[in-house]
Structures are given as C-alpha cells and as structure tokens.
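Here is the structure we will look at.
Protein chains: 2
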Amino acid sequence: MDKSPPETINTEARRASHGAVTLADVATLARVAPITVSRALNSPDSVSETLRSRIRTAVDQLGYVPNRMAGALASAKTKVIPVIVPSLSNVVFIEVIEGVQETLTAHGYQLLLGTTDYNLEREAELVSALLGWAPPGVMIAGLRHLPRTNTILKNAGLPVVEMMEYGARCIDMNVGLSHVRAGMEMAEHLLSRGYRKIGFVGTRLRDDYRARQRYDGMHRRLLESKIASDMLFDYPGGGSQQLGWNALGDILKSNPELDALFFASDEMAVGAILRAQREGIAIPGRIAIAGFNGLPVSTLVTPSLTTIISPRKLMGHTAAEMLLARIAGGSPAARRVNVGLELAAREST
Amino acid sequence: MDKSPPETINTEARRASHGAVTLADVATLARVAPITVSRALNSPDSVSETLRSRIRTAVDQLGYVPNRMAGALASAKTKVIPVIVPSLSNVVFIEVIEGVQETLTAHGYQLLLGTTDYNLEREAELVSALLGWAPPGVMIAGLRHLPRTNTILKNAGLPVVEMMEYGARCIDMNVGLSHVRAGMEMAEHLLSRGYRKIGFVGTRLRDDYRARQRYDGMHRRLLESKIASDMLFDYPGGGSQQLGWNALGDILKSNPELDALFFASDEMAVGAILRAQREGIAIPGRIAIAGFNGLPVSTLVTPSLTTIISPRKLMGHTAAEMLLARIAGGSPAARRVNVGLELAAREST
DNA sequence: CAAGAAAATGGTAGCGCTATCAAAAAATAT
DNA sequence: ATATTTTTTGATAGCGCTACCATTTTCTTG
Chain A
1 MDKSPPETIN
11 TEARRASHGA
21 VTLADVATLA
31 RVAPITVSRA
41 LNSPDSVSET
51 LRSRIRTAVD
61 QLGYVPNRMA
71 GALASAKTKV
81 IPVIVPSLSN
91 VVFIEVIEGV
101 QETLTAHGYQ
111 LLLGTTDYNL
121 EREAELVSAL
131 LGWAPPGVMI
141 AGLRHLPRTN
151 TILKNAGLPV
161 VEMMEYGARC
171 IDMNVGLSHV
181 RAGMEMAEHL
191 LSRGYRKIGF
201 VGTRLRDDYR
211 ARQRYDGMHR
221 RLLESKIASD
231 MLFDYPGGGS
241 QQLGWNALGD
251 ILKSNPELDA
261 LFFASDEMAV
271 GAILRAQREG
281 IAIPGRIAIA
291 GFNGLPVSTL
301 VTPSLTTIIS
311 PRKLMGHTAA
321 EMLLARIAGG
331 SPAARRVNVG
341 LELAAREST
Chain B
1 MDKSPPETIN
11 TEARRASHGA
21 VTLADVATLA
31 RVAPITVSRA
41 LNSPDSVSET
51 LRSRIRTAVD
61 QLGYVPNRMA
71 GALASAKTKV
81 IPVIVPSLSN
91 VVFIEVIEGV
101 QETLTAHGYQ
111 LLLGTTDYNL
121 EREAELVSAL
131 LGWAPPGVMI
141 AGLRHLPRTN
151 TILKNAGLPV
161 VEMMEYGARC
171 IDMNVGLSHV
181 RAGMEMAEHL
191 LSRGYRKIGF
201 VGTRLRDDYR
211 ARQRYDGMHR
221 RLLESKIASD
231 MLFDYPGGGS
241 QQLGWNALGD
251 ILKSNPELDA
261 LFFASDEMAV
271 GAILRAQREG
281 IAIPGRIAIA
291 GFNGLPVSTL
301 VTPSLTTIIS
311 PRKLMGHTAA
321 EMLLARIAGG
331 SPAARRVNVG
341 LELAAREST
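Chains A and B supply the protein sequences, listed in that same order. If you read the first sequence in UniProt numbering, its first letter stands for residue 1, the second for the next number, and so on. If you read the second sequence in UniProt numbering, its first letter stands for residue 1, the second for the next number, and so on.
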C-alpha cells in the first residue's frame with residue numbers, strides 16, 4: 001500500500017515550509033486527494049456532500065487559508081483589479097474608487113490601489129508593475145497616457161476601463177464625462193446671467209488636464225460669444241479650500257475688473273465663498289462664483305454654489321460593471337459611456 | 001550538446017501558455033540561464049556588467065513583465081500590504097491611507113485596499129481573504145475586532161499595525177490617539193468657557209465606537225465637574241455636512257436648553273455652522289459648536305471652528321514606517337505610538 | 001605560475017495550487 | 001444480469017519563478 005520511492009523517507013521538503021497550513025494538509029486530514037479539496041472549495045457542487053462536509057471540517061480545524069498566489073499561478077486567474085488614479089487628495093477620485101470598490105467587492109474581487117501623483121512616467125511604471133499580478137482587467141483614470149502605457153495596456157490584451165473623462169479614443173472601454181462640454185455649459189450659464197469678465201481658477205493645470213479642458217471649453221464658448229473674455233489663473237498652493245480662499249483675495253485685488261470666477265473644484269469655490277463671507281464681499285454682487293463637481297456642501301454654503309454635478313459614484317459603479325462584464329466573457333452594453341453632467345444654477349451666480 | 005530526453009520533441013507545454021513572455025524567454029534570447037535573469041533583475045550587483053546589459057536588452061526587446069505570483073510563490077515574499085479600513089467616505093481614513101500609501105510606495109510596496117463598512121464580521125472575512133496573499137504585514141484600523149480576527153492575525157505571525165486609536169492592548173503594534181482623551185479635553189475646554197448643557201452629535205455610533213469613546217471621555221469629565229451635563233444624539237442620515245446641517249435645526253428645537261454641541265466630526269460641525277449662518281443663529285452666542293479632526297476648512301468658516309486636530313497623515317506615515325521596519329527584520333523604535341492631539345480653541349466656542 | 005579565494009554562472013528541485021486526463025463508483029438503461 | 005452513461009474521485013504534470021548547492025571562471029597572492 002505504501003510504495004514510497006526510496007528517497008522519500010522524510011516527507012519534509014528540503015526547503016523549510018513557512019509553517020502555513022496547505023491544501024495538502026487539509027487533504028491528509030480529510031483523507032482525500034488534494035485536488036478534491038481544491039474542488040470542494042472552488043466548485044462545491046462537483047463534490048459529494050459526504051466529502052464536502054468532511055473537508056469543511058478539516059479546513060476549520062486547521063484554520064486553512066488558501067494561498068492565492070499558488071492558485072492564481074496555477075489557474076492564471078486572479079481576482080485582484082488594479083485601480084490607478086492620480087491622487088487621493090481629491091474627493092472626486094475617492095468617490096469613484098468607492099463606487100468601484102462597492103461593485104468589485106460585491107463580485108468577490110479585490111482592489112489594488114495605485115496613485116501616480118499626476119505623473120505619467122510614474123503611471124507607466126505602475127501599470128507595468130501591476131500587470132505583473134496578472135490581473136483580469138485594469139481600471140485607470142484618464143484618457144491621456146504615455147504612448148508606452150497605451151502600448152503595454154493594449155498588448156496585455158486585457159479589458160481596460162479608462163474613467164473620469166469621456167472621449168473618442170480609448171484603449172478599450174471608457175466611462176466618463178466631457179470636461180470640455182462642462183466648461184462650455186458653465187460659460188453659457190455665466191453669459192446668460194450677464195457676466196462678461198470671467199476668470200478660471202485652477203491649480204497644477206499642467207498636470208490636471210481635465211480641469212484645463214474645462215477651461216478650454218469655457219474659453220471657446222466665450223470667444224464665440226464675442227461679448228465676453230476670460231483669464232486663466234493657475235494658482236499654486238496646498239489644500240483646495242485654502243487655495244480658493246487665498247485666490248479670491250489676490251485675484252480681486254489684481255484683477256478688479258473680473259465679475260465672475262469659475263473654480264476648478266467645488267472645494268476651491270467654497271473656500272472663496274467662505275472668504276467672501278468673512279470679509280463681507282458680496283456674492284454674486286461684487287463677483288460671481290462657480291464650482292465643479294456638485295459636492296453636497298455646495299448646497300449648504302451661503303450663497304449656495306452654482307456648480308456642475310458629476311455622477312462620481314455612478315462612474316465608479318458603471319466602470320466596474322463594464323469591466324466585470326468583459327471579464328466574465330460577455331461584452332458590456334456599450335464600450336463607451338458618457339455619464340453626463342448637470343449644471344445646477346444657484347445663488348452664487 | 002543537445003541531449004534532449006526522448007519525449008521532448010516539441011518544447012511547447014501541454015497546457016497552452018497565455019502567450020505572456022516569461023523569464024525563460026528572456027533567458028533564451030540573452031543566451032543565459034533563467035536564474036541569471038532572475039538575479040539580474042532582483043540583485044543586479046551579483047551579475048556581471050556584460051550579462052546584465054545583455055539581459056536588459058532582451059527584457060526591453062520582449063517587453064517582459066515579471067510574473068509576481070510566481071516570484072512570490074517561489075520566494076514566499078510579497079510586496080503587497082493589505083490595508084483595512086471601515087470606509088472611504090470619511091476623510092480621516094483617506095488621509096491615513098494617503099500617508100500609508102506614500103510611505104509604502106517609496107519603499108516599493110503596493111497597497112491592497114479593503115473596506116469593512118464598519119462590519120466586524122466582514123472585517124474578519126477580509127483579513128482571512130487578504131492573508132491568502134501571503135503579505136509581509138497587515139495594516140488595520142481600530143483596536144476592536146472579533147476574537148476570531150485577533151486569533152487569525154496573531155497566528156499568522158506577521159507584523160500587524162493597528163491604526164487610528166491608541167490603547168493598551170494591541171495585537172502587535174499600534175499607532176493612534178486616545179479618543180477618550182480627546183473627549184475629555186473638549187469637555188475641559190467647554191467647561192472653561194462656561195458651557196453647561198452640552199450635546200454630543202454623532203452618527204452610527206454603535207459602529208463608530210471611536211466617536212463613542214470621545215463621547216465617553218467628555219461624559220466622564222462632565223460628570224466629574226458636577227456642574228455640567230450632557231446629552232447624546234445618535235443622528236441618522238447620509239453625508240456628514242448635511243447631517244450637521246439637519247441636526248442643528250432639529251436639536252435646537254427639541255432641546256433649546258443646550259448651550260454647546262460637540263460634533264463627531266468637523267464636517268458635521270461645518271454643516272451646522274453653515275446652517276446657523278443661513279438662518280442667522282448666533283454662534284457661539286446662541287449655541288457653541290465644536291468639531292473633531294482639524295480639517296483645513298475649520299479655519300475658514302465663520303466663526304472659525306473649535307476642534308481637535310489629529311495628525312492623520314502622520315499616523316499613516318508612522319504606521320507604515322513601523323510596519324516596514326518590522327518587515328525589514330529590525331524592530332521599530334516603539335511598539336506603540338501615541339501621535340497625540342491638539343485642541344484648537346477658536347471662535348465657535 | 002601554481003594554489004587558493006572570490007566572483008559569476010548554472011542545474012535542480014520545488015513553492016502550493018489547478019488543468020487535464022484517467023479511473024473508479026454510482027446511477028441508469030437494456 | 002450486463003452494458004452504458006453519468007457522477008465522483010484521483011494521479012500526474014506543470015504555472016513561472018527563486019532557494020539552494022554545484023560548478024565554472026576570474027582574481028589574488030605567495
């Protein structure tokens with residue numbers, strides 16, 4: 001019965017095992033073959049009730065935790081999905097991640113987080129590094145990457161969703177909104193309310209090209225109108241609200257002719273409103289203020305903030321669902337989804 | 001020279017490879033042994049310049065991306081660290097994660113994100129699942145877990161850092177602040193400014209036991225004083241700011257005798273201040289408002305918000321550094337770190 | 001220039017799991 | 001009862017990489 005080959009006197013492998021309980025241990029205890037344990041865990045229906053419960057007992061008794069590396073290596077399948085975003089200090093990304101996380105978790109997937117700090121070089125490295133985990137798909141913020149990044153992702157032949165912005169050319173799938181459009185809508189709104197000298201205030205605009213696109217959209221629309229003009233302020237500094245606070249003071253001093261400010265984010269705009277409150281600057285009397293994102297706080301400040309509402313969590317959900325659909329082998333309803341936007345005209349303009 | 005064993009006519013393995021370039025491919029192209037490629041990539045100094053550059057060329061030419069699974073399985077080492085937090089909708093966790101991420105990234109580690117939604121059962125499952133990735137360490141929010149979770153983590157024999165709160169009993173390492181202490185300090189402050197009827201406003205307090213601890217601390221101090229009393233409001237609802245906004249109105253109506261409100265977060269407190277502004281309620285004349293966290297916005301609102309500043313990012317940095325120190329084999333400066341807190345007394349009280 | 005030490009390279013054998021195929025057991029049909 | 005299908009279980013061979021030890025090459029040194 002016990003026809004062990006001559007060398008196998010001591011079963012203990014040469015390389016010390018890390019003491020972890022393995023599938024083989026469970027199999028021994030349950031008196032079945034390892035593969036049966038594997039099946040009992042991964043496709044319970046294909047194992048008889050008897051063995052299944054015996055195996056479950058053994059698993060509990062030993063406190064067995066399957067080694068995902070080994071499983072993934074053998075099956076060439078993982079349930080970890082890299083999500084690459086520029087930064088975590090921007091609420092927008094957080095909410096999208098939240099949406100993604102909810103959907104992924106619900107389907108038993110795990111989220112591997114990468115941040116690029118708006119650096120495309122770093123993004124490329126990150127993509128490469130994360131592909132090493134042989135993920136079933138990739139989620140990444142933005143449509144603009146280094147050529148190298150695009151190549152790597154295309155060659156990987158995986159489902160890829162690019163999030164946050166909506167555009168014609170994507171690697172594989174795309175969920176987002178048109179930032180140019182957002183800028184145009186805001187321009188339209190400000191024009192209709194009679195503003196003619198409009199400032200756009202953002203920060204790190206070279207990196208944050210989506211904010212820049214909003215400016216471009218606004219700029220284009222204002223040019224068309226022939227009755228209004230704009231100025232672009234790329235304002236350096238730290239936290240967004242503080243930045244808006246600072247910007248309002250400085251800009252009113254340096255450019256008193258302006259009658260409206262369109263901020264790159266609601267947080268900045270709120271900072272500006274708070275500054276105006278503190279100093280008794282009339283909004284929108286002296287200057288109108290508008291933001292972007294539609295954060296809850298935008299309805300709470302006085303005056304309430306005119307902004308563009310972006311469906312951030314929805315974006316995350318949609319993106320994750322599309323990816324999972326592709327991973328499951330099907331094709332999503334659409335390859336490109338424009339989640340749209342909504343201008344909320346409020347008291348601040 | 002070519003003494004292939006009889007079966008090996010076609011080198012192509014039975015199981016179709018996924019088309020991915022492997023280390024063996026690189027080795028063939030560079031005319032070296034696989035192990036040499038491995039070394040060239042993982043400990044370049046141990047390979048001669050000649051081979052190293054030949055290998056680098058081959059890597060680039062083939063676009064080789066190492067399979068981390070395989071590497072991790074063979075070496076029993078990963079560079080992925082699970083970070084488990086209750087939720088992403090609370091800025092506090094975000095900033096801690098940001099700190100962690102910065103430190104981990106700087107050392108070549110990756111962050112695997114898990115959220116429990118304040119559910120300890122889910123936390124336990126998550127811990128188990130994530131241990132399956134054979135991580136070199138674990139970071140987790142909070143000191144309270146299910147007994148099962150504690151056992152699993154202790155048995156895993158890994159470095160573990162518990163973050164966010166500081167306490168006597170931790171699994172392995174602990175970085176945080178004392179929430180009871182925070183509550184006591186705020187009580188002290190409110191007492192010293194003459195407030196006597198104090199409300200504590202939080203949400204989901206059964207789950208968010210850290211907020212609850214702040215209440216407990218305050219409560220204890222007020223009892224001691226014998227001159228003041230408190231009320232606890234566990235206020236249901238969605239977004240924090242909106243919640244503070246709603247709470248202020250409701251509570252002033254239902255409990256007009258209160259002269260101060262201590263909110264579980266700055267966001268709620270800011271919501272309350274914004275409501276007061278809109279309705280012309282005097283702060284701190286009619287009612288004083290205090291928050292917790294020390295978010296940047298707390299200095300911008302009018303009146304500026306009295307709050308307790310917690311060093312969130314520092315917490316993340318410190319925690320990650322301690323973990324990495326342990327992973328590297330050393331022992332960190334301390335096993336438990338109290339990052340402290342600072343009460344900022346401002347206009348709202 | 002031989003002998004010994006140090007550095008560079010390679011062969012072999014797994015890491016823990018699952019895909020594939022084969023065999024055994026149970027269920028159904030003839 | 002036997003033949004046939006279906007279900008359940010198992011044996012074997014890797015997945016792509018690195019640890020370990022053996023070998024070769026290069027560098028010292030007397």
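The C-beta atom is built at its ideal place from N, Cα and C for all residues, glycine as well. Because the structure is a prediction, the values reported are computed rather than measured.
Under the rule that a run must span 3 or more residues, the beta strand (DSSP E) segments found entirely inside the segment 64-129 of chain A read 80-85 and 110-115. Annotated three-state conformation of A:N155 is helix, per DSSP. Of the residues assessed, A:I35 falls on the exposed side of the cut-off, its CB having fewer than 16 other CB atoms within 10 angstroms.
Taking a Cβ-Cβ cut-off of 8 Å, B:V161 has no neighbours in chain A, whose nearest Cβ is about 17 Å from it. Per DSSP, B:R144 is not a residue of any beta strand (DSSP E), being assigned neither H nor E.
Excluding the 5 residues flanking it on each side, A:E98 has same chain C-beta neighbours closer than 8 Å at K313 and G316, in chain order.
For B:T50, the number of other beta carbons within 10 angstroms of its own is below 16, and it is reported as exposed. Counting C-beta pairs closer than 8 Å gives three or more between the segment 192-203 of chain A and the segment 254-266 of chain A, which meets the contact rule. Taking 7 Å as the cut-off, the Cβ atoms of B:R346 and B:S304 count as close. Interface annotation, B:Q241: in contact with chain A, CB-CB separation under 7 Å. Between the alpha carbons of A:M322 and A:M173 lies a distance of about 8 Å.
Restricting attention to A:G237, A:G194, A:R181 and A:Y195, the CA atom closest to the CA of A:R212 is found in A:R181. Contacts between A:E121 and chain B, judged by CB atoms closer than 7 Å, are missing: the closest CB pair is about 14 Å apart.
Membership of B:G199 in the beta strand (DSSP E) is indicated by the continuous run K197 to G202.
According to DSSP, residue pairing for B:N150 in a beta bridge does not occur. Bridge partners of A:T306 according to DSSP: A:A290.
Scanning its chain for C-beta atoms nearer than 6 Å, with the 5 sequence neighbours on each side dropped, one finds around A:V37 the residues L23, V26, A27 and I55, in chain order. The CB of A:S46 never comes closer than 8 Å to any CB in chain B; the least such distance is about 20 Å. For the segment 311-328 of chain A, no residue has a beta-carbon sitting nearer than 7 Å to a beta-carbon of chain B. In terms of CA proximity to B:V297, A:G271 leads the group A:P296, A:G271 and A:G291.
Cβ atoms of A:L158 and A:P136 come within 8 Å of each other, at about 7 Å.
For the segment 49-66 of chain A, the beta-carbon criterion of a distance under 9 Å to any beta-carbon of chain B is satisfied by G63, V65 and P66. Between B:L146 and B:A124, the CB-CB gap stays under 7 Å. By the CB criterion at 7 Å, A:T302 and A:R193 fall outside the cutoff.
Following the DSSP letters along the chain, one finds B:N246 inside the alpha helix (DSSP H) bounded by residues S240 to S254. Residues of the segment 123-151 of chain B with a Cβ closer than 7 Å to any Cβ of chain A, in chain order: S128, L131, G132, W133 and A134. Ranking B:M69, B:A30, B:P284 and B:D208 by CA distance to the CA of B:S53 puts B:A30 first.
Counting only residues of its own chain and dropping the five nearest sequence neighbours on each side, B:E121 has a CB closer than 8 Å to the CB of L146. One thing to note: B:A76 has its Cβ no nearer than 7 Å to the Cβ of A:L73. Annotation: Cβ neighbours of A:G271 in chain B (cutoff 9 Å, chain order): P296, V297 and L300.
Using a Cβ distance threshold of 7 Å, B:G183 and B:M218 count as a contacting pair. With a threshold of 7 Å between beta carbons, A:E98 makes contact with chain B. Contact between the segment 320-335 of chain A and the segment 149-157 of chain A is absent: fewer than three C-beta pairs spanning the two stretches fall below 8 Å. Under the Cβ criterion of 7 Å, B:Q277 is counted among the residues facing chain A.
The closest CA to that of B:S89, considering only B:I251, B:V47, B:Y118 and B:S331, is found on B:Y118.
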